[in-house]
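Just below is one structure, and these are the notes that go with it.
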Amino acid sequence: MNICFDNIRIVSPLQSIDIRGYLWIEDGIIRHAGAEAPETTRATTHIQADDLTAAPGFFDMHVHLREPGQSYKETIESGTAAAANGGFTGVVCMPNTEPAVDSIQVVEFIHKRAAGLLTDVHVCATITKGRRGSDLAAIETLLNAGAVMFSDDGGCVESAEMMRRAFDYVSTFDALLTQHCEEHSMTKNFAMHEGTVSAELGLKGYPSVAEDIIVARDILLAEYCGNRRYHAAHLSSAGTIRLLRDAKVRGQRVTGEVAPHHFVLTHDAVRGYNTNAKMNPPLRTQADVDAMIQALADNVIDVIATDHAPHALHEKNVEFDAAPNGIVGLETAVGLTLTHLYHTKVLSIQSLVEKMSVNPRHILGLPQPMIENGSSANITILNLDKEWTVNTDRFLTKSKNSPFGATELKGVPVYAINNGKMIACTL
Ligand SMILES: [Zn+2]
Numbered sequence: 014m015n016i017c018f019d020n021i022r023i024v025s026p027l028q029s030i031d032i033r034g035y036l037w038i039e040d041g042i043i044r045h046a047g048a049e050a051p052e053t054t055r056a057t058t059h060i061q062a063d064d065l066t067a068a069p070g071f072f073d074m075h076v077h078l079r080e081p082g083q084s085y086k087e088t089i090e091s092g093t094a095a096a097a098n099g100g101f102t103g104v105v106c107m108p109n110t111e112p113a114v115d116s117i118q119v120v121e122f123i124h125k126r127a128a129g130l131l132t133d134v135h136v137c138a139t140i141t142k143g144r145r146g147s148d149l150a151a152i153e154t155l156l157n158a159g160a161v162m163f164s165d166d167g168g169c170v171e172s173a174e175m176m177r178r179a180f181d182y183v184s185t186f187d188a189l190l191t192q193h194c195e196e197h198s199m200t201k202n203f204a205m206h207e208g209t210v211s212a213e214l215g216l217k218g219y220p221s222v223a224e225d226i227i228v229a230r231d232i233l234l235a236e237y238c239g240n241r242r243y244h245a246a247h248l249s250s251a252g253t254i255r256l257l258r259d260a261k262v263r264g265q266r267v268t269g270e271v272a273p274h275h276f277v278l279t280h281d282a283v284r285g286y287n288t289n290a291k292m293n294p295p296l297r298t299q300a301d302v303d304a305m306i307q308a309l310a311d312n313v314i315d316v317i318a319t320d321h322a323p324h325a326l327h328e329k330n331v332e333f334d335a336a337p338n339g340i341v342g343l344e345t346a347v348g349l350t351l352t353h354l355y356h357t358k359v360l361s362i363q364s365l366v367e368k369m370s371v372n373p374r375h376i377l378g379l380p381q382p383m384i385e386n387g388s389s390a391n392i393t394i395l396n397l398d399k400e401w402t403v404n405t406d407r408f409l410t411k412s413k414n415s416p417f418g419a420t421e422l423k424g425v426p427v428y429a430i431n432n433g434k435m436i437a438c439t440l
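Shown next, in the form of structure tokens:
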């Protein structure tokens with residue numbers, strides 16, 4: 014790799030940079046980033062980049078890579094290929110694998126599988142052994158093995174007492190707990206959001222208050238246990254936004270994330286019983302979508318994460334009630350976010366880069382990529398204005414379960430660069 018992007022826009026909020034200039038990368042190292050052309054011109058390839066924008070590599074802190082145990086849905090290799098294709102140079106993989114990520118062996122297995130790939134893979138380990146909710150996992154040992162956060166994702170830690178013990182346990186080393194917020198006693202066998210559409214379609218509903226209850230409980234517990242760090246995963250309900258906002262105002266160390274489908278789609282997408290509109294938490298009402306967008310604009314929501322959840326075609330090709338929850342998201346997240354938040358002027362490009370690159374790494378305590386001379390190149394390159402149509406055949410993920418096939422979007426990832434590797438995105 015010895016490539017210079019000529020006349021590229023460089024946006025790096027942490028460095029307070031928004032310039033147009035030259036970006037020369039040789040052997041994975043940034044040789045020159047600046048408004049003036051580099052003095053030496055050793056670059057063997059020049060790309061005229063008038064319509065391109067370079068940003069610190071995008072990071073998705075909520076991805077299901079399905080390995081170990083469900084490699085027919087996705088593997089670490091195919092999932093990270095999809096991540097890079099979607100513009101992500103780093104991800105956190107969630108622990109609801111088979112076996113669950115509750116031992117050093119599984120953490121090491123994932124790290125070994127991910128070694129040498131373009132996209133960095135960080136590990137979220139479980140809060141309880143086997144995600145069963147009855148005994149705490151060896152959180153400190155898992156942290157020392159490299160786990161960056163802890164969750165029983167796929168499900169919620171049901172017992173308030175168990176969650177309190179987890180907050181108490183992590184207090185000495187200040188680990189980050191993140192929750193899939195769902196009061197399971199209210200959501201048994203749900204198929205979609207509980208509301209007018211579920212009534213009309215005759216499907217069992219998941220009321221949004223079941224999410225709010227857990228967010229409220231965990232905020233109280235985090236405060237009670239000495240202002241512990243807490244990250245609410247894949248928020249979907251307007252009620253949780255109110256709770257998160259209040260907790261932040263009171264100075265609690267709480268953060269939140271939202272997936273693109275929760276600020277783009279409503280429960281109306283379920284009409285026609287489209288199983289690619291079935292996920293957990295479910296798509297909710299326009300008022301909930303509006304609350305997500307407002308919370309993104311005023312920074313109550315810190316992070317955009319995909320909750321990329323691949324499932325095989327045969328698993329989704331069943332009646333709605335029987336279909337598994339989840340959609341793939343890595344290859345549509347940037348396009349959806351640019352279309353629905355940047356081009357609608359909800360987020361500036363700087364705030365968008367914060368929510369997709371800076372903030373997730375900050376919350377996880379990971380090093381931040383810098384776009385400066387001598388740094389290792391960890392960069393996402395976007396075309397902010399290119400209009401394109403989502404074609405799931407072009408996805409590199411093993412699974413195609415997306416509700417966004419044939420959707421027209423504006424703005425696309427073009428290159429991902431990290432670990433001495435560069436790919437041209439194929440979307
Ligand atoms: Zn979840």
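Residue numbers (our numbering): 14 to 440.
Backbone N, C-alpha and C define an ideal beta-carbon position, used for all residues, glycine too.
Since the structure is predicted, the reported quantities are computational estimates derived from the model, not experimental observations.
Range of the contiguous beta strand (DSSP E) that encloses residue i
{"i": "residue 30", "result": "30-39"}
{"i": "residue 392", "result": "392-402"}
{"i": "residue 225", "result": "No beta strand (DSSP E) holds residue 225; the alpha helix (DSSP H) holding it covers 222-237."}
{"i": "residue 101", "result": "101-106"}
{"i": "residue 501", "result": "Outside the displayed range of the chain (14 to 440) lies residue 501, so it cannot be described from this structure."}
{"i": "residue 214", "result": "Counting along the chain, residue 214 falls outside any beta strand (DSSP E), though it belongs to the alpha helix (DSSP H) covering 209-214."}
{"i": "residue 192", "result": "190-192"}
Residue span of the alpha helix (DSSP H) that contains residue i, given as start and end
{"i": "residue 75", "result": "Element bounds for residue 75: not the alpha helix (DSSP H) but the beta strand (DSSP E), 71-76."}
{"i": "residue 91", "result": "89-98"}
{"i": "residue 431", "result": "It is not in any alpha helix (DSSP H) - residue 431 instead sits in the beta strand (DSSP E) that spans 421-431."}
{"i": "residue 342", "result": "Taken as a continuous stretch (DSSP letters only), residue 342 belongs to no alpha helix (DSSP H), as it is neither H nor E."}
{"i": "residue 376", "result": "372-377"}
{"i": "residue 154", "result": "152-157"}
{"i": "residue 253", "result": "251-262"}
{"i": "residue 83", "result": "Here residue 83 belongs to no alpha helix (DSSP H), and DSSP marks it neither H nor E."}
{"i": "residue 203", "result": "Where residue 203 is concerned, there is no enclosing alpha helix (DSSP H), given that its DSSP letter is neither H nor E."}
{"i": "residue 175", "result": "173-182"}
{"i": "residue 366", "result": "362-366"}
{"i": "residue 119", "result": "117-127"}
{"i": "residue 327", "result": "326-329"}
With 16 other Cβ atoms within 10 Å as the buried cut-off, status of residue i
{"i": "residue 407", "result": "exposed"}
{"i": "residue 387", "result": "exposed"}
{"i": "residue 198", "result": "exposed"}
{"i": "residue 374", "result": "buried"}
{"i": "residue 291", "result": "buried"}
{"i": "residue 157", "result": "exposed"}
{"i": "residue 59", "result": "exposed"}
{"i": "residue 368", "result": "buried"}
{"i": "residue 281", "result": "exposed"}
{"i": "residue 186", "result": "exposed"}
{"i": "residue 210", "result": "buried"}
{"i": "residue 284", "result": "exposed"}
{"i": "residue 437", "result": "exposed"}
{"i": "residue 355", "result": "buried"}
{"i": "residue 237", "result": "exposed"}
{"i": "residue 204", "result": "buried"}
{"i": "residue 312", "result": "exposed"}
{"i": "residue 299", "result": "exposed"}
{"i": "residue 398", "result": "exposed"}
Integer Cβ distance of residue i from residue j, believed to fall under 8 Å
{"i": "residue 414", "j": "residue 323", "result": "7 Å"}
{"i": "residue 143", "j": "residue 115", "result": "6 Å"}
{"i": "residue 401", "j": "residue 377", "result": "The pair is not a contact, with the Cβ atoms about 31 Å apart (cut-off 8 Å)."}
{"i": "residue 55", "j": "residue 39", "result": "7 Å"}
{"i": "residue 316", "j": "residue 393", "result": "At roughly 15 Å, the Cβ-Cβ gap does not stay under 8 Å, so residue 316 and residue 393 are not in contact."}
{"i": "residue 253", "j": "residue 224", "result": "6 Å"}
{"i": "residue 359", "j": "residue 425", "result": "Not really, about 19 Å apart at Cβ, beyond 8 Å."}
{"i": "residue 226", "j": "residue 196", "result": "5 Å"}
{"i": "residue 175", "j": "residue 433", "result": "Between residue 433 and residue 175 the Cβ distance is about 43 Å, and since that is not below 8 Å, they are no contact."}
{"i": "residue 107", "j": "residue 77", "result": "5 Å"}
Beta-ladder partner(s) of residue i, from DSSP
{"i": "residue 267", "result": "243"}
{"i": "residue 22", "result": "33, 66"}
{"i": "residue 435", "result": "430"}
{"i": "residue 389", "result": "42"}
{"i": "residue 136", "result": "106"}
{"i": "residue 381", "result": "In the DSSP output, where bridge partners are listed per residue, residue 381 has none listed."}
{"i": "residue 58", "result": "16"}
{"i": "residue 316", "result": "270"}
{"i": "residue 286", "result": "Note: residue 286 sits in no beta bridge, so no partner."}
{"i": "residue 355", "result": "Looking at the DSSP assignment, residue 355 forms no beta bridge with any residue, so it has no partner."}
{"i": "residue 47", "result": "35"}
{"i": "residue 321", "result": "76"}
{"i": "residue 405", "result": "DSSP, once it has assigned bridges, lists no residue as partnering residue 405."}
{"i": "residue 146", "result": "Looking at the DSSP assignment, residue 146 forms no beta bridge with any residue, so it has no partner."}
Beta carbon proximity, residue i to chain C, threshold 8 Å
{"i": "residue 45", "result": "Here there is only one protein chain, and chain C is not present."}
* To do: Closer than 5 Å is what we want: which residues have a beta carbon that near any heavy atom of ligand 1? List them in chain order.
  => 166, 193
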